[in-house]
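Chains as they are written, first to last, in full-length UniProt numbering: chain Y, 1 to 56; chain Z, 1 to 56; chain L, 1 to 346; chain D, 1 to 346; chain F, 1 to 346; chain X, 1 to 346.
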Amino acid sequence: MTEAECVECGADVTLHDDLEVGEIIDCGTCGAELEVVDVSPPVLERAPELEEDWGE
Amino acid sequence: MTEAECVECGADVTLHDDLEVGEIIDCGTCGAELEVVDVSPPVLERAPELEEDWGE
Amino acid sequence: MSRFTAAVVGGSGFTGGELLRLLVGHPAFEVVQATSREYENKTVGYVHPNLRGLDLRFSSPEELESVDVLFAATPHGVSMQHIDSFRDAAGLVVDLSADFRLPEADAYDEWYDGHTATEHLADAEYALPELNRENLAGADLIAAGGCNATATLLAMKPLVDAGFVSDGDRVVVDVKVGSSEGGAGGGKASSHPERSGVVRPYAPTGHRHEAELEAYLGLSTAFTVHAVEMVRGASATCHAFPGGPVTKGDLWGAYREAYEDEPFVDVVAGGGGTYRYPEPKAVAGTNRAEVGFALDPGNKRVVAFGAIDNMMKGSAGQAVHAANVALGLEETTGLDQLGLHPVGSP
Amino acid sequence: MSRFTAAVVGGSGFTGGELLRLLVGHPAFEVVQATSREYENKTVGYVHPNLRGLDLRFSSPEELESVDVLFAATPHGVSMQHIDSFRDAAGLVVDLSADFRLPEADAYDEWYDGHTATEHLADAEYALPELNRENLAGADLIAAGGCNATATLLAMKPLVDAGFVSDGDRVVVDVKVGSSEGGAGGGKASSHPERSGVVRPYAPTGHRHEAELEAYLGLSTAFTVHAVEMVRGASATCHAFPGGPVTKGDLWGAYREAYEDEPFVDVVAGGGGTYRYPEPKAVAGTNRAEVGFALDPGNKRVVAFGAIDNMMKGSAGQAVHAANVALGLEETTGLDQLGLHPVGSP
Amino acid sequence: MSRFTAAVVGGSGFTGGELLRLLVGHPAFEVVQATSREYENKTVGYVHPNLRGLDLRFSSPEELESVDVLFAATPHGVSMQHIDSFRDAAGLVVDLSADFRLPEADAYDEWYDGHTATEHLADAEYALPELNRENLAGADLIAAGGCNATATLLAMKPLVDAGFVSDGDRVVVDVKVGSSEGGAGGGKASSHPERSGVVRPYAPTGHRHEAELEAYLGLSTAFTVHAVEMVRGASATCHAFPGGPVTKGDLWGAYREAYEDEPFVDVVAGGGGTYRYPEPKAVAGTNRAEVGFALDPGNKRVVAFGAIDNMMKGSAGQAVHAANVALGLEETTGLDQLGLHPVGSP
Amino acid sequence: MSRFTAAVVGGSGFTGGELLRLLVGHPAFEVVQATSREYENKTVGYVHPNLRGLDLRFSSPEELESVDVLFAATPHGVSMQHIDSFRDAAGLVVDLSADFRLPEADAYDEWYDGHTATEHLADAEYALPELNRENLAGADLIAAGGCNATATLLAMKPLVDAGFVSDGDRVVVDVKVGSSEGGAGGGKASSHPERSGVVRPYAPTGHRHEAELEAYLGLSTAFTVHAVEMVRGASATCHAFPGGPVTKGDLWGAYREAYEDEPFVDVVAGGGGTYRYPEPKAVAGTNRAEVGFALDPGNKRVVAFGAIDNMMKGSAGQAVHAANVALGLEETTGLDQLGLHPVGSP
Ligand SMILES: NC(=O)c1ccc[n+]([C@@H]2O[C@H](COP(=O)([O-])OP(=O)(O)OC[C@H]3O[C@@H](n4cnc5c(N)ncnc54)[C@H](OP(=O)(O)O)[C@@H]3O)[C@@H](O)[C@H]2O)c1
Ligand SMILES: NC(=O)c1ccc[n+]([C@@H]2O[C@H](COP(=O)([O-])OP(=O)(O)OC[C@H]3O[C@@H](n4cnc5c(N)ncnc54)[C@H](OP(=O)(O)O)[C@@H]3O)[C@@H](O)[C@H]2O)c1
Ligand SMILES: NC(=O)c1ccc[n+]([C@@H]2O[C@H](COP(=O)([O-])OP(=O)(O)OC[C@H]3O[C@@H](n4cnc5c(N)ncnc54)[C@H](OP(=O)(O)O)[C@@H]3O)[C@@H](O)[C@H]2O)c1
Ligand SMILES: NC(=O)c1ccc[n+]([C@@H]2O[C@H](COP(=O)([O-])OP(=O)(O)OC[C@H]3O[C@@H](n4cnc5c(N)ncnc54)[C@H](OP(=O)(O)O)[C@@H]3O)[C@@H](O)[C@H]2O)c1
Ligand SMILES: [Zn+2]
Ligand SMILES: [Zn+2]
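Take a look at the structure:
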């Protein structure tokens, strides 16, 4: 298992072994959705957010 | 029918004929509860409030 | 009374259904079309059980009838795209979306995803008669306000008009809304088990309705919107800090000044009984607004409240009200629904 | 249109408030009095926030005005006691309590605490026009039905009329009702924390409305009433076991026969969409009833449904409807409110 | 205490979440896997906010870990399809779906869409210990009951055991359920605005749980299920008509006989206070059942009530209870949650 | 583990019931007395249906047993009056009312109706361990915080500790609470029909909990409290305007610093999925708090959120937590309840 730093809150995020580019995982601390943009070494970015659409 | 001024919001309050000292009426405009403290001429005062008791 | 034909584009949605309810009971309107792509050819009552009695079927928005008034109750962006055909089909277009709410094209770049029909912006009038009555008569493009913006505008207008709050001042607006604000298409977070009983900060910051407050009251607001357990209703609590001293009498004066002649606004500010301040459930199903205030001398704060039905005064009711004004009808025509008491969580 | 003066005794209660809402919006009525002992001299809007606009104060029931129609919305036993003064004050008395609902004095001994004004029983007409229209014209004492009884009567009447269910048959009636049925005076069990979210068998057996079913449909029913989470609404699910074979077509025939000319009854029985069977929330705030059925061939069962707003079709609306008939007005006058969609738990 | 490893297939669903909640707090279990296709690699807390503290991510159901106990909380049909791999992965499989609930393959043809793994049916034990405790010890395939069936079985069992109701008798079962029964995937009718405040006959006739009543109590039932306003809870009101005379004492005897040694069943039948009969909100979040009865001598009827949390005693709690029995653990281990008072609409 | 005897004065009330629920499941406590004047000699289960299993009857508060810990859950003013006999009866008194919450007698004159037992004030420790852990060990008089204050204190503490908000700054606190806050004795405004579905400004200004914020964080707050539709839950939205620039990283740092070792506090601030910010329903029934924040750069605002169960973390849970600390027990003992998912409006 490897780790990477969450870009949102700075916590360590444990990564599973067969990590693939494009996968989305959530940070266990802040819950941010993170996209894997590179695997060796692992690099995470904030994934584009999918907001609930509230019309009003 | 006589009228008196609401001490809370300044609106005119229509008073019924057989007004008695101690009666409580509400202002038709602001809803304040007003106590009749004199009848001729009529004088109104804000009645002591009965709050819902929220313990917390 | 003169009679007008009307069409509702987006008639299967929530505010579209409200438009239909209002127009069906309106003595001056005759509904000739309600569109839906998903429910084409189904009866209106299939979707809206309260309109089972109505003998009308949904038709495609691709084939618009020619009418006196076209109401559009479609998601943001749709009216922009179809505004030419809407205006071809009808002399008066009343749009419930945000597409023509803001006066400046720039504002759409800042708050929305830009604007693709900017040439119509100058024609558009903001629907809220309490703010813009004088410009509605004879208008031919009307934009109904946002529901949270409407609750806030009505709550704050007297304070701005009376000069108690002014330009530089920052007002905190804490809004509570019902689930119908999300429209009929709701996703997972809108499912009953997940959405029930929440106090959920769904728009903690950056709410688009700040733009309407800026545009129509010149007010800087810091908005936070919470989803709470109700279907209908928007309630704005506005925390304002006037520069100088203000009394209860001043406040009563300001609110009376603003609303004593308004047919749809009640001032509710601390009387007796159970209902002492504005509450959305008291106005659910109606075009009424309750506004009010409380004075907090210790904090030099005025708390202003506005409570409406988001789909009525906050959208479809406001739209019909504005159309009444635009067409020269008595303002309250077709809008005399009374609220219910008691009522649960409407 | 002829105009009538009206008084509401018990105007501060729940159904009294509904009467006021209806009469205020009714073109043929003028409300001249609303009584309350507790709120004497307070404005009607103090108690009923939806009627803030009304310029009327509660007065004492001791001093009744002389009016054309007196509506009484008082607890059981009160009308009995005051019926002479009520009838002195008004040519037409419409009572919402159970005091004049049953035709026979004996029934009051069996189901209630006896009757103290039995001499008026013969004058009283049961208010539900769908059952008793022909006797209402010109009546001068009218008794509005019980809300659970009304929902059940409307659901079952077509089955009885068509002969699918008859005398000896035992029908199980499982009712679900909202909290407004308990009236404004609720005790501890009606407090919000205790009453919220319940499915509470509050009248598991021996419900008094069985007497109305017996009296007006000749039907033996085994009633169980549950309090559920809503404020307005009564929904009756009637499990009937016809002696012989019945088809869906037969059932549609029976319900259509019973209700196709009725202005306030919709038959809703298994169509498409979300609202396939009667639901109280679709009729909340209105005088409408939804009735329907489902066929269970495996169990040789017909399930009949009736959904109403307990305070409207189940009480105040029914009362005004009956008064319209009695006074020779168009039946639907003042009763054209439409339900809301979407709506939460009204 | 011996410890067992556990996996939850369908861990992102509603009952899967309940299984996780129970197993995480269970001293004899260690959760090593929770599957979800949609949320693969996301933390369990992403879906279940009450389990934020849990350090576990969803993994694919394609790659099952080898465990002592595999719990499956998947929609009908899934377990049937994967039963071989489930049983390969674990010595004990506990399935929450209907796939192994009925003893006979024929019944699946009648009530469901047939069965594709009939060779396992003979191995399956029905999970409800109150009915089937003696066969659970050492079982290696367990099928948790249906939630409506469970509420009904518990309510009726004492009447059947005591001989008050028997074979030929037709019992009317009128059920009220919360929205979590529909699972996490809900569609339009489950959206908050449409689902709120309903009394909606969602399964008016022909409910599949009739099959379980037939299979495990030998009872013919005429089921009708209503969706009502709550998220958790199933409440069954059973209207039974015993052949001969029955007294309250007889009924107390029957219920006490059935349940006095049962750790999870309380008999609640007409005492004092606010909570006199079984109510689902009193048991929400727990594995408890409240059962009770009322006697209606006039109608020769017994009304039997059963109230449970559909996801707990009606599913995940029952599953863990059965696993405890099967594994030789103290029955109540990990299942000692108490209900809440007051509580709204849980 | 050492064991302690406990008494609950006010055991028939809402927070008294919660204390009983917690103590009954707590391995270190044995409940020997629960008082109620109204329900003297009735079983605890008569009032609290979730505690039907408990073999204990209410007794009079006039005859207190001698115990290790006495918990008082009585209305304001009662503990003040009886504090001498409470302290005679028990070595440790934990009071849930406001009577010993504020350090200075003066504050009682300002915010309450004065204080009649000021000699005990110096002994009292504020119960919230996140603020006052170091002073609780060995305390013999503990005062549980106000529920709205607790939600706010937990939300704001990290901002104060990190220096983002300081003394002179005015923070707007907009609170939403459930009906259980009013206690079991509720009047008319708390009846189900009137209280359902509200967004009701019940304490628009001048809320007494401002005093606790001042006392324990040195913070000036402008409080407004709204009753909303739920039974359990308090949610504080705090609008703060830091003097200088703050980043999301700064905020995460501050909250992590404050709470990473706290067993009962989760930071929830804008992740993915449905539950992105603190929500009271996720912690209902538990001693957990969710806190979080959102950054509004445009308005130079930080919105801080705190969500708790008013009767648990906001009262009875906090009390037991503090007692654990005072008695040297593991802090989480008896407080490991998990929240429910999904759950409606608990
Ligand atoms: N809900 C509120 O409280 C509220 C308050 C204020 C303002 N508004 C505004 O009112 C508008 C409607 O909101 P709503 O809540 O009623 O939404 P909704 O329930 O989702 O309904 C949207 C309607 O638009 C139709 N529609 C969607 N896309 C379309 C397209 N491309 N062309 C034609 N018709 C289309 C839909 O029907 P088909 O897809 O079947 O065609 C449906 O009838 C939105 O702009 C919203 O911002 C809503
Ligand atoms: N609620 C329903 O859904 C429903 C449905 C069908 C039928 N009903 C029937 O309608 C009647 C009223 O029910 P409700 O729910 O409206 O009751 P409610 O809310 O309790 O109101 C009762 C009203 O009667 C007045 N009142 C009480 N005792 C009186 C007396 N001795 N003399 C004069 N006035 C008196 C009360 O005002 P003061 O005490 O201030 O004078 C109040 O205005 C009942 O008979 C009920 O059975 C109700
Ligand atoms: N809800 C209740 O009250 C209740 C009561 C009694 C019994 N039950 C039974 O319990 C079972 C689960 O119900 P629920 O309400 O928890 O359903 P749910 O919320 O819809 O959850 C279904 C779960 O199954 C997974 N899943 C779906 N299709 C799958 C497949 N083909 N292979 C593997 N996993 C699959 C889903 O996750 P992914 O799609 O992400 O893999 C999800 O985790 C059902 O059989 C139901 O009848 C439910
Ligand atoms: N509810 C909340 O969410 C909450 C949150 C934080 C703090 N609190 C505080 O906790 C305390 C209790 O609140 P609650 O909501 O649980 O109140 P409650 O439900 O009204 O209960 C009050 C209890 O006190 C007893 N009691 C009343 N007067 C008494 C007296 N003079 N002597 C002895 N016992 C008396 C009552 O029983 P009998 O009358 O039968 O004796 C009852 O058991 C209050 O101080 C409140 O401010 C409550
Ligand atoms: Zn993170
Ligand atoms: Zn006034």
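Ideal placement from N, C-alpha and C gives every residue a C-beta, glycine not left out.
| query | result |
| --- | --- |
| For residue 170/L, three-class secondary structure by DSSP | strand |
| 7 Å Cβ cut-off: residues of chain L touching residue 282/D | 49, 50 |
| Alpha-carbon to alpha-carbon, residue 47/F and residue 121/X | 46 Å |
| Given 8 Å, three or more beta-carbon pairs between the segment 300 to 316 of chain D and the segment 175 to 182 of chain D | yes |
| Residue 97/L - DSSP class collapsed to helix/strand/coil | coil |
| Cβ separation of residue 318/F and residue 145/F, assumed to be a contact under 8 Å, to the nearest whole Å | 6 Å |
| Residues surrounding ligand 6 [beta-carbon distance to nearest heavy atom under 6 Å] | 6/Z, 8/Z, 9/Z, 11/Z, 27/Z, 29/Z, 30/Z, 32/Z |
| Distance cut-off 6 Å: residue 312/D Cβ against heavy atoms of ligand 2 | no |
| Any C-beta of chain L under 7 Å from that of residue 9/Z | yes |
| Rounded straight-line distance, which links the Cα of residue 226/L to that of residue 2/F | 47 Å |
| Cβ-heavy atom distance, residue 15/D to ligand 2, below 6 Å | yes |
| Contact under 7 Å by Cβ, residue 344/L with residue 325/D | no |
| Residue from 346/L, 341/L, 340/L, 330/L with nearest C-alpha to residue 28/L | 330/L |
| Three-state secondary structure assigned by DSSP to residue 34/Z | strand |
| Straight-line gap, residue 94/D to residue 116/D (C-alpha atoms, nearest Å) | 18 Å |
| Cβ of residue 91/F within 7 Å of any chain L Cβ | no |
| Minimum Cβ-Cβ distance from residue 298/L to chain Z less than 7 Å | no |
| Sub-7 Å separation of residue 308/L and residue 234/L beta-carbons | yes |
| Bridge partners - residue 115/X, DSSP secondary structure assignment | BP columns for residue 115/X are empty, so no partner. |
| Distance between beta carbons of residue 36/F and residue 12/F, contact taken as under 8 Å | 4 Å |
| Proximal residues of chain F, C-beta to C-beta of residue 158/X below 7 Å | Neighbours of residue 158/X on chain F: none; closest Cβ ~18 Å, over 7 Å. |
| Option in 113/L, 40/L, 104/L, 338/L with minimal Cα separation from residue 125/L | 104/L |
| Residue 147/F: CB within 6 Å of a non-hydrogen atom of ligand 4 | no |
| Three-state secondary structure (DSSP) of residue 26/X | coil |
| Sub-7 Å separation of residue 34/D and residue 23/D beta-carbons | no |
| Under 8 Å by beta carbon: chain X residues contacting residue 245/L | Going along chain X, no residue has its Cβ under 8 Å from residue 245/L, so there is no contact; the nearest lies around 16 Å. |
| Burial state of residue 337/L, where buried means 16 or more other Cβ atoms lie within 10 Å | buried |
| Cα-Cα separation, residue 18/D to residue 171/F | 39 Å |
| Range of the contiguous beta strand (DSSP E) that encloses residue 160/L | It is not in any beta strand (DSSP E) - residue 160/L instead sits in the alpha helix (DSSP H) that spans 147 to 161. |
| Alpha-carbon to alpha-carbon, residue 34/Y and residue 42/Y | 11 Å |
| Buried or exposed (CB count within 10 angstroms, at least 16 for buried), residue 137/F | exposed |
| DSSP-derived helix/strand/coil call for residue 126/D | strand |
| Touch test, the segment 271 to 279 of chain F against the segment 250 to 257 of chain D, Cβ-Cβ under 8 Å, three pairs minimum | no |
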